[in-house]
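First comes the structure, then the notes that go with it.
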Amino acid sequence: MTSRATWVYDFSEGNKEQKDLLGGKGANLAEMTNLGLPVPPGFTITTDACRYYLEHGGTPEELDAQVTEHLTALEKAMGKSLGDPDDPLLVSVRSGAAASMPGMMETVLNVGLNDESVRGLAAQAGSERFAWDSYRRLIQMFGKTVLGIDGELFDDAFDEVKREQGTESDLDLDAEHLSDVVARFKTIVREQCDRDFPMDPREQMDLAINAVFDSWNSDRAVIYRRRERIPSDAGTAVNVCAMVFGNLGMDSGTGVAFTRDPGSGAQGVYGDYLQNAQGEDVVAGIRNTVPLVDLQGIDRGAYDQLMGIMSRLEGHYRDLCDIEFTVERNRLWMLQTRVGKRTAAAAFVIATQLVDEGLIDMDEAVRRVTGDQLAQLMFPRFVSGGDATQLTQGMNASPGAAVGRAVFSSEEAVRWADRGEDVVLVRRETNPDDLSGMIAAQGVLTSRGGKTSHAAVVARGMGKTCVCGAEELRVDTKGRKFTAPDGTVVDEGDVISIDGSTGRVWLGEVPVEPSSVVRYFEGEIDPAAEDTDDIVRSVHRILTHADEQRRLDVRTNADTPEDSARARRFGAQGIGLCRTEHMFLGSDRRKLVEKLILADGDEDRQSALDALEPLQRQDFLEIFEAMDGLPVTVRLLDPPLHEFLPDLTELSVRVALAEERGEPDEGNLRLLAAVRGMHESNPMLGLRGVRLGLVVPGLFAMQVRAIAEAACERKLAGGDPRPEIMIPLVGAVQELEAIREETQRVLAEVCESCGIDVQPLIGTMIEVPRAALTAGEIAGSAEFFSFGTNDLTQMTWGFSRDDVEAAFFHQYLDKGIFGISPFESLDRDGVGRLVQIAAEAGRSARPDLKLGICGEHGGDPDSVHFFHEVGLDYVSCSPFRVPVARLEAGRAAL
Ligand code: ADP
Ligand code: MG
Ligand code: MG
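Residues in the sequence shown are numbered from 138 upward in steps of one, following the numbering used here.
Have a look at this one:
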């Protein structure tokens, strides 16, 4: 760092593009300042300074002087100086990272008040009550966030004073009571910290700045970042902003607003307002807020001005914005704006609305929604009613259908979820400490707070179902129960159902039905019909555009005719992976497979294969029919054969019991010997895939014959079957060559005897690292590659997929070794590198080589972008992920 580094920027110096440096809040405060909106003046300390602080354990040397310089300018602009005993300038010290982390970090208001300036403030404002209210808030916030004192100590002391005055509302306390509160708060500070609350205004400010830096690493911020995949080294900016006061009387207040409904995307006036209040009061559910429209009656001037600013902001940001504002004695001040979080449904609806309003084009609309959001819209919904009793209706804060056992604390939610239970977290209101419980729960139910309350905002951000403000419920968190208006008591562990789209709450489990978006994919809803909902219309428009833009084809992994047909309705352009193992599992087939495995000689084996062949043929016939005209990649048998035999221990017991009874079973004895003989300690690395094809004579030939005969039969029936034959687990071209020859021989025989020409592509999976590294040679014998990224990940990392995730992945995630499981999202640097090497080598050996991927990653948004970048031809994923992959492939191409 040079000695002339700039660590501090005035609000007038930045703009909305500088989020990385100034944080989201700072960048947008600057943007609003430069738009000429009424923002109280202030300055932003950069994220660079925070990173420096976190790295070095202290602030950069020049910071102090730069803060002084900007503070002096601020004092000059305001005509007051910080903490001046006669007419104090007060400031807020606010956190603000580049990625929005609502409520995750700390903010301190009213910095600059002390035993003297509190009197100056009272005199200037003409209100003793206001000054003491502001002072008690400072000590409370400062004590909690800067000095690390348990906030409940302050809450309890405050409640005690209210109780002494026989009231529940802070509004009933007068200046004298509030100065009593201040005295008690100061005692708490002294007792908890062995020091007095600092009287020096600048010391207050500096300590608060460092506390904001430190809050970057608070537990809840760490949890939030992990969940939202926000890098842990980005750091937060700090905003120092002149205070404006919503707690100056009933002509003042504070509020939050959205330019559209963040739940549905509908246009209108959405928000909450609270008179004579400051800061977080409005979202904390301290008193009941009024809907924003009521501000029209309370303060027409401020309301009109706010509406004007909101529409200007929406036009300027070309998106839904959320806003924090304060009215100080009828004067409106803007304290924050940002492009607002929204539900998945609203994201789609708003994107197409903005297109219709001419603010964005369709490309931009596609960019503004995500595959994860689309996946959320495909979750089932409640069928209203059922047997369950409706307990109440709250506010529909974040849509979805959640069923689970009621739990009343974050800790219980985590504990129950760890045991594998679905839970619904029930709270009076949530606060940032409830985050881990909200993550663990299926849904969140609160009895207080509106659509902008903490629970609602955080749940929407997470895509979690939430009903808030169910005021009829009496929630007793200590007693671990709640009571409904009809007297029903719901205890911890009782099953409840909550509907985040309607706000309804039921006792018991309500049945679910498919979402309208799924019904649209199924062809049951016409997107152009009059009565079709906005969500379906928007999804249809956006996916249609994504389909036009994408270069990647999307196929599906399906091995039944039903799945094939569904995937086709969902837009699949063929089957990328048809596994044949389930074809060996039906009750009529088990015996035949056993016979095959136990076969005494060639003849015995061949007769078992001959019996299996027609069954397989029938399976393929139906799948080719469902996918008529589209490619169907059939993978020859992959899993080790003993997966089709009874479990070793179980069988041993059975044999032993039979012997004990004196009736030994010859068949079972032979079976047991075979199972013993085939036992492998590392089956995933054992006799499977192509190895099986090479070792068990006739097995692959039987499968190829079934495929070829089914194709001929379809052709004879006038169909257009397009089979592709895929050899699994190849590591060396010699393996593939041997199977390929056999395959071609069988194909020729079948064609000859049917008098029909079918010429399936013959290709291989690339799922063993050696195959990726020798892909150039392998391509000589393969007409296509399909990357089996599950096995490829398993073998590249040396992770047993069936064991490691439960065993230790959470520790790897905690330690930051990876940010997300490599089985969930492709590890670009390692596994992705192998994919890239193989794709390049394969293509240069055979330019028309077809390249696809058929692992779990085919439906993962980030991985789809990677496969687009390395130039694959298609991705293949489970039927329900097909629309997600279509959308993400379109987004990748933009
Ligand atoms: P968060 O990131 O949690 O929203 P903020 O920094 O926005 O935290 O501040 C918390 C609360 O204090 C908000 O309600 C905000 O509007 C209010 N606030 C912050 N700065 C000021 C100020 N200078 N004057 C009045 N209210 C403020
Ligand atoms: Mg805020
Ligand atoms: Mg595999």
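Glycine is no exception: its CB is placed at the ideal position from the N, C-alpha and C atoms.
Under the three-state reduction of DSSP, Asn165 is assigned to helix.
In the DSSP assignment, Asp628 falls within the unbroken beta strand (DSSP E) covering 626-628.
Close CB contacts of His314 within its chain, under the 7 Å cut and outside five residues either way in sequence, are with Val298, Gln302 (chain order).
Going by DSSP, Ile346 is part of the alpha helix (DSSP H) stretching over 338-352. In chain order, the residues positioned with their C-beta nearer than 6 Å to some heavy atom of ligand 2 are Glu461, Gln473. Placement of the Cβ of Lys162 at a distance of less than 7 Å from at least one heavy atom of ligand 1 is found.
Taking 8 Å as the cut-off, the Cβ atoms of Thr181 and Ala374 count as close. Counting the other Cβ atoms within 10 Å of the Cβ of Leu443 gives 16 or more, which makes it buried. Counting C-beta pairs with one atom in each stretch, the stretch 869-884 and the stretch 775-787 have fewer than three that are closer than 8 Å, which means they do not touch. Going by C-alpha positions, Tyr657 is about 14 Å away from Ile679.
Judged by their CB atoms, Ala534 and Lys588 are nearer to each other than the 8 Å cut-off. Boundaries of the alpha helix (DSSP H) harbouring Pro751: 739-763, taken from the DSSP string. When the alpha-carbon of Thr324 is set against those of Gln277, Gly723, Ile903, Val520, the nearest one is in Gln277. In its chain, beyond the 5 residues on either side, Pro222 have a beta carbon closer than 6 Å to the beta carbon of Glu253.
Secondary structure at Cys888: helix, using DSSP grouped into helix, strand and coil. For Val381, the distance from the CB to the nearest heavy atom of ligand 1 is below 7 Å.
Asp765 and His816 have their C-alpha atoms some 41 Å from each other. Nearest Cα to Arg703 within the set Arg938, Arg727, Val1019: Val1019.
Less than 8 Å separates the beta-carbon of Ser352 from that of Thr282. In this structure, the CA atom of Gly913 is about 28 Å from the CA atom of Asp997. Pairing Ala875 with Met902, the inter-Cα distance amounts to about 15 Å.
In the displayed model, Met241 falls within coil according to three-state DSSP, outside both helix and strand. Here the C-alpha atom of Pro368 lies approximately 19 Å from the C-alpha atom of Gly163. Counting the other CB atoms within 10 Å of its CB gives Pro399 a total of 16 or more, which places it among the buried residues. In the three-state DSSP reduction, Asp252 falls in the coil class, being neither helix nor strand.
By the beta-carbon neighbour count (other beta carbons within 10 angstroms, threshold 16), Pro984 is exposed. Counting of Cβ neighbours within 10 angstroms places Glu451 among the buried residues, the total reaching 16 or more. In this structure, the C-beta of Thr693 stays at least 7 Å away from each heavy atom of ligand 1. For Val581, the closest alpha carbon among the candidates Leu824, Cys715, Leu986, Val544 is that of Val544. By the criterion of a C-beta distance shorter than 6 Å, Leu988 is surrounded in its chain by Phe922, Ala976, Leu1009, Asp1010, once the five residues flanking it on both sides are discounted.
No Cβ-Cβ contact shorter than 8 Å links Val647 with Val604. Under the criterion of beta carbons closer than 8 Å, Thr602 and Gly637 qualify as touching, at roughly 4 Å. The beta carbon of Arg938 sits closer than 7 Å to the beta carbons of Asn927, Gln931, Phe960 from its chain, once the five residues preceding and following it are set aside; these are given in chain order.
Ranked by Cα distance from Ala854, the first of Ile893, Met863, Gln840, Pro428 is Ile893. The Cβ neighbour count for Lys478, taken over all protein chains shown within 10 Å, is at least 16; the residue is labelled buried. By a beta-carbon distance limit of 8 Å, Val476 contacts Tyr454. Their separation comes to about 6 Å.
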